[in-house]
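Please read the structure below before turning to the comments.
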Amino acid sequence: MTTLVTPAVPGPGQDPYPSLQPGGAPSLQPGLLPGSVPPDVPVAGRPRGWWRRNAVWLVLLPIAIVVTTAASSFRVWAFWWPDGVHYESQRVALGEPAHLASEYLDMGFDVPERANTYVLRELDATVTGVEQVDELPAPAYGMPVEIPEGSVAYEVQLHFAAEPRTDLSLCTIALVSDDGTRYGEASPDVLGNSNRCLPDGADGFVSERPEWDVSSFVLVDPDARIEQVRLSFGGPDYLAVELP
Amino acid sequence: MRHGRRRITWQGSLLVVGGVVAGCALVATVPQETVVETPFVVEGAVGETLDLTYADLTVTEVRVADTLESFSEAAQAGGTFVVVDATWRATQGATSFVGAEITDAQDRTFWPTDQAGCSTSAKAQPGYAWHVTYCFDVPKDALAGATVRLARGGQTEEHAGQRRDAAGVVDLGISAADAKELWEATETVTTESPGYATARAEGSEE
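Following this line, the structure appears as structure tokens:
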């Protein structure tokens, strides 16, 4: 609230407002009566521009973008990253062993005491051979399978070493040709085997011995040039084995 | 910070009106739906192999039946069954082929039935041809000029699953005269389970 005080008329010999006109009130502009409220005095100089008026928000905007991006980045590891087999964790040559270590959530199907716990799967894997075969072996279960017309079959031989009771479910053995085509990446394989990293007919999805060999069979286009074997356990990482 | 009324300037008004006009012009003149969203339709005929980029598709045979039989079930058509035998040969990786529908001359669509061992979808990997039998129960007036549309993307929600992706459309080759004859015939088709295609069923390789 504004209180206007009209000063007393100065006495002789005492002039506290020497710059004022005689008889004029010190707080009033010329032409205003005592008790009037003076209008806002316009600010001198040029008005502030849009950038100056919004300087605070302009500074906060990039910070808000960074915070928003960080807040929603959980989608990368929650949805995008685990989906599919897309990350080459190691690359070795044919016959060269690779040490694989990855964590997974064990559901306890084969080892009940590991149910709902995160388990480190560690194993040494070696692709010892990849060669075309003329016929497929008899499967452990079901009828014999012939190589379909218009296809050729490859046998992929692998050697594994791991602690007994290592879980090998979701094992996928795929062949990749020079044009990027992925053969045999979905289970079951041509022999109806969904448990491809354990010997045919294995009971359960955990290993029983410290070392073992497996053969996996994959149907391939006759004109395909196979360049790589990919071994994975549900992804997203996989082992790439380069063929000579 | 400045408070109070904002001044409306002709520059600001022009900016807003101009922006709206430009946006409307962009939407009206650029055919966004046909360019961005329409599936890449590859047309062909029965026996012809279509390259859908992610797979080679061949419709090997088209039959019409009143009754379908499998080893465990028989199904009677409400109209008549159009039985479409096809082979899928995936060319990139393991693929699910979800889309299957028949479109008649009046643009009505009919989705497949899973009765009597018929398939409504398929899964295949590169390296082999996979034989599938689709069966569609259609009315009499849907036979002439009908086409079958097969793709990896589904046809629900106006082919939303096939946007920006290839779909094969094969003319079933049924004329009006054929349709009358096919409708009157009483045929029974014994369906086959999905499996590896033989050379006979795979059709011609272009």
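The listed protein sequences derive, respectively, from chains F and S.
Heads up, the first sequence is in numbering that gives the first Met the number 0, so the first residue is 0 and it goes up one at a time.
Heads up, the second sequence is in numbering that gives the first Met the number 0, so the first residue is 0 and it goes up one at a time.
The beta carbon of each residue, even a glycine, is placed where N, CA and C say it ideally should be.
Since this is a predicted model, take the numbers as computed values, not measurements.
Cβ shell of residue i (< 7 angstroms), same chain only, five flanking positions each side left out
i	result
HIS98 of chain F	ASP123
PRO113 of chain S	In the sequence on display, residue 113 of chain S carries Asp and not Pro. Cβ neighbours of ASP113 of chain S beyond the five flanking positions: THR119.
SER186 of chain F	THR171, SER193, ARG195
GLY194 of chain S	HIS130
SER174 of chain S	ALA143
LEU59 of chain F	none
ALA206 of chain S	The shown model of chain S, from 0 to 205, leaves out residue 206 of chain S, and the question about it has no answer.
Top-ranked residue by Cα proximity to residue i, from the options
i	options	result
VAL84 of chain F	F:PHE232, F:VAL118, F:VAL240, F:LEU242	F:PHE232
SER101 of chain F	F:GLU148, F:VAL75, F:GLN89, F:GLU95	F:GLN89
LEU169 of chain F	F:ASP188, F:VAL91, F:ALA137	F:ASP188
GLN156 of chain F	F:PHE108, F:PRO96, F:ILE146, F:ALA139	F:PRO96
CYS117 of chain S	S:VAL82, S:THR146, S:ALA175	S:VAL82
ILE101 of chain S	S:THR190, S:LYS122, S:GLN154	S:GLN154
LEU230 of chain F	F:ALA137, F:LEU174, F:GLU154	F:LEU174
GLY128 of chain F	F:GLU162, F:ASP220, F:VAL213	F:VAL213
THR52 of chain S	S:LYS139, S:GLY17, S:GLU72, S:GLY92	S:GLY92
GLY141 of chain F	F:PRO198, F:LEU190, F:GLY48, F:VAL240	F:LEU190
LEU171 of chain S	S:ALA76, S:VAL61, S:PRO30, S:VAL26	S:VAL61
SER69 of chain S	S:ASP140, S:SER192, S:VAL147	S:SER192
ASP65 of chain S	S:ALA150, S:LYS139, S:THR197	S:LYS139
ARG181 of chain F	F:PHE159, F:GLU226, F:ALA70	F:GLU226
GLU180 of chain S	S:VAL63, S:ALA196, S:THR197	S:VAL63
ALA150 of chain S	S:ALA128, S:TRP87, S:ALA176	S:TRP87
GLY149 of chain F	S:THR132, S:CYS134, S:ALA141, S:ALA128	S:ALA128
THR185 of chain S	S:PHE80, S:GLU72, S:VAL20	S:PHE80
THR190 of chain S	S:THR197, S:ASP103, S:TYR133	S:TYR133
Bridge partner(s) assigned by DSSP for residue i
i	result
ALA125 of chain S	A small correction: the amino acid at residue 125 of chain S is Pro; Ala does not occupy that position in the sequence shown. Beta-bridge pairing links PRO125 of chain S to S:ALA89.
THR171 of chain F	F:SER231
THR48 of chain S	S:THR57
PHE80 of chain S	S:ALA64, S:ASP136
ASP105 of chain F	F:THR116
THR112 of chain S	S:CYS134
TYR182 of chain F	F:LEU174
GLU157 of chain S	GLU157 of chain S is not bridged to any residue.
GLN105 of chain S	DSSP, once it has assigned bridges, lists no residue as partnering GLN105 of chain S.
TRP211 of chain F	F:PHE159
GLU241 of chain F	F:ALA92, F:GLN227
ASP170 of chain S	S:ALA44, S:THR146
PHE39 of chain S	S:ALA165
HIS98 of chain F	F:ASP123
VAL16 of chain S	Bridge partners of VAL16 of chain S: none, in fact.
ASP236 of chain F	F:TYR86
Residue i to residue j span [Cα, whole Å]
i	j	result
ARG164 of chain F	VAL205 of chain F	5 angstroms
GLU204 of chain S	THR48 of chain S	Summary for GLU204 of chain S: the model assigns pLDDT 38, below 50, so the residue's position carries little reliability, and this model does not support an answer.
GLY12 of chain F	PRO33 of chain F	The predicted position of GLY12 of chain F is uncertain, since its pLDDT is 49 and thus under 50; a value taken from the coordinates is nonetheless stated next. Distance between the alpha carbons of GLY12 of chain F and PRO33 of chain F is about 25 angstroms.
LEU238 of chain F	LEU135 of chain F	25 angstroms
GLN161 of chain S	PRO138 of chain F	38 angstroms
GLY202 of chain S	ALA44 of chain S	Here GLY202 of chain S scores only 43 on pLDDT, less than 50, and its place in the model should not be relied on; the value that follows carries that caveat. Cα to Cα, the separation comes out at about 11 angstroms.
GLY77 of chain S	ALA85 of chain S	23 angstroms
THR57 of chain S	ALA165 of chain S	14 angstroms
GLU210 of chain F	THR125 of chain F	11 angstroms
ALA24 of chain S	VAL15 of chain S	14 angstroms
PRO30 of chain S	ARG163 of chain S	14 angstroms
GLN105 of chain S	VAL137 of chain S	13 angstroms
PRO61 of chain F	GLY152 of chain S	39 angstroms
LEU314 of chain F	ASP105 of chain F	Look at the range of chain F in this structure, 0 to 243, and you will see that residue 314 of chain F is not part of it.
VAL97 of chain S	PRO243 of chain F	38 angstroms
THR108 of chain S	ALA121 of chain S	20 angstroms
THR187 of chain S	VAL75 of chain F	53 angstroms
LEU93 of chain F	VAL219 of chain F	19 angstroms
GLY179 of chain F	ALA223 of chain F	10 angstroms
LEU13 of chain S	THR67 of chain F	33 angstroms
PHE78 of chain F	THR8 of chain S	48 angstroms
HIS158 of chain F	GLU184 of chain F	19 angstroms
Residues of its chain near residue i, where Cβ-Cβ distance is below 6 angstroms and the 5 sequence neighbours each way are ignored
i	result
GLY203 of chain F	ASP109
ALA201 of chain F	ASN194
GLY234 of chain F	GLY83, VAL84
ALA161 of chain F	LEU122, SER206
TRP110 of chain S	GLU100
VAL39 of chain S	For clarity, residue 39 of chain S is Phe in the given sequence; the question names Val instead. Closer than 6 angstroms at the Cβ level, and outside the excluded window around PHE39 of chain S, lie ALA165.
ALA74 of chain S	LEU67, GLN114, ALA115
ALA89 of chain S	ALA54, ALA123, GLN124, PRO125
VAL168 of chain S	VAL40, GLU42, THR146, ARG148
heavy atom of the ligand ATP below 7 angstroms from residue i C-beta
i	result
ALA54 of chain F	By its list of ligands, the structure shown contains no ligand whatsoever, and the ligand ATP lies outside what it can speak to.
8 angstroms CB neighbourhood of residue i in its chain, flanking five on each side removed
i	result
TYR103 of chain F	TYR117, VAL118, ARG120, ASP166, PHE232, GLY233
GLU145 of chain F	GLU134, LEU135
Taking a cut of 7 angstroms between CB atoms, which residues from the segment 123-137 of chain S lie near chain F?
GLN124, PRO125, GLY126, TYR127, ALA128
Contacting positions in the segment 90-107 of chain S - beta carbon closer than 8 angstroms to chain F
THR90, GLN91, GLY92, ALA93
Residues in the segment 202-230 of chain F with C-beta within 9 angstroms of chain S's C-beta atoms, listed in sequence order?
VAL217, LEU218, VAL219, ASP220, ALA223
Of the residues that make up the segment 178-197 of chain F, which ones have a beta carbon closer than 7 angstroms to any beta carbon in chain S?
THR180, ARG181, TYR182, GLY183, GLU184, ALA185
Positions along the segment 137-162 of chain F whose CB lies within less than 7 angstroms of some CB in chain S:
PRO147, GLU148, GLY149, SER150
So if I threshold CB-CB distances at 8 angstroms, which residues from the segment 167-197 of chain S count as touching chain F?
TYR195, ALA196, THR197
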